[in-house]
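With the first letter of the sequence shown counted as 1, position 138 gets the number 142 in the numbering used here; the numbers rise by one all the way through.
No residue lacks a Cβ here, since even glycine has one placed at the ideal position from N, Cα and C.
Note that the structure is predicted; figures quoted are calculated from it, not measured.
First comes the structure, then the notes that go with it.
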Amino acid sequence: MIKNREIEIKLRILSAAEVIEKLLAAGAKDRGEIFQCDILYDYADGNKTFGTFDQALRLRIEKGKGSPKGIITFKGTPHIDNSGKKTRDEFETEVDDPKALEQILFSIGFKEAMRIKKKRHEFELDDLKISGRNQTLF
5 MIKNREIEIK
15 LRILSAAEVI
25 EKLLAAGAKD
35 RGEIFQCDIL
45 YDYADGNKTF
55 GTFDQALRLR
65 IEKGKGSPKG
75 IITFKGTPHI
85 DNSGKKTRDE
95 FETEVDDPKA
105 LEQILFSIGF
115 KEAMRIKKKR
125 HEFELDDLKI
135 SGRNQTLF
């Protein structure tokens, strides 16, 4: 299991090409594009909801360089500071068989709440992971 403290800052940019140029000039490594399908789950009985606490249970299926992989993640309640920076506890682990995990989640009382498809362009700079994305809700 991987436990992280996620720190997320979202920015709207006008020119992706300009940002990429500046990242590369700063020494960032271009990790290429990754295609992701995020499946968000919630409780099927309706008495509880992750949305009430702004939490999430997500199965992510990634396709990029190499074979597809699955990652199950629980995102805890976020804390937003005065600057707008959002932090939250995050627990995740890789999944060998995402379809089997979907069946397990359905069997123990979860339902699919939302599906999001994304294309990300990822960069690394020192210990930072930087990504830009386009996404579609289903």
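Assignment of beta-bridge partners to I24 by DSSP yields no partner. The DSSP-derived three-state label of G55 is helix. The straight-line gap separating the alpha-carbon atoms of S19 and L28 is approximately 15 Å. The way I'd put it, the segment 98-112 doesn't touch the segment 77-87; fewer than three beta-carbon pairs between them come closer than 8 Å.
In this structure L63 is in contact with G74, their Cβ atoms being roughly 6 Å apart against a cut-off of 8 Å.
In the DSSP annotation of this structure, the continuous segment of the alpha helix (DSSP H) that includes A104 starts and ends at 102-111.
A29 sits in a helix when the DSSP states are folded into three classes. Less than 8 Å separates the beta-carbon of T77 from that of E94. In the same chain as D58, and ignoring 5 residues on each side of it, the C-beta atoms closer than 8 Å to its own belong to T81, P82, in chain order. Take G113, set aside five residues on each side of it, and the residues of its chain with a beta-carbon closer than 8 Å to its own are Y47, A48, D49, in chain order.
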